[in-house]
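Structure record follows, encoded as structure tokens.
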Amino acid sequence: MTEEKKDKIRKQLKSGFPEGEIKNELSKQGLTEEEIKEIFTVQKGDMRSWYLISAILVLILALYIVSKTGMISLLFFGLSGLLFYEYYKAQRKAE
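Take any residue in the sequence shown, note its place counting from 1, add 4, and you have its number in my numbering.
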């Protein structure tokens, strides 16, 4: 299957064409299941930057709450810590 045809199918998917109909059409054209799966693979985005930015923003929010109320909000500090942990876990996985 050519890259041109793959791009055409991906454009159809993005425009809202039903996935099942595309798969049926491809199988009628004689493509194997492996070739069809290759076209429909979902690529996971890189979330590391989102984890880091979210963790910093939640940490700033937690520090702001502490400065205004004098009470430590374990919820926000915990959420920030969890996001930092997810960031470093994704960082190690990427390396």
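Glycine included, C-beta positions come from ideal geometry on N, C-alpha and C.
{"Check": "What's the call for Ala66, buried or exposed, on a 16-neighbour Cβ count within 10 Å?", "Outcome": "buried"}
{"Check": "Are there three or more Cβ pairs, one per stretch, closer than 8 angstroms when the stretch 80-93 is compared with the stretch 49-66?", "Outcome": "yes"}
{"Check": "Of the choices Ile57, Lys9, Leu35 and Ile40, whose alpha-carbon is the least far from that of Glu23?", "Outcome": "Ile40"}
{"Check": "CA-CA distance, Val70 and Ser77?", "Outcome": "7 angstroms"}
{"Check": "Whose C-beta lies closer than 8 angstroms to the C-beta of Arg14 among residues of the same chain, with five residues either side of it excluded?", "Outcome": "Ile43"}
{"Check": "Could you please give the first and the last residue of the uninterrupted alpha helix (DSSP H) stretch that includes Ser77?", "Outcome": "Where Ser77 is concerned, there is no enclosing alpha helix (DSSP H), given that its DSSP letter is neither H nor E."}
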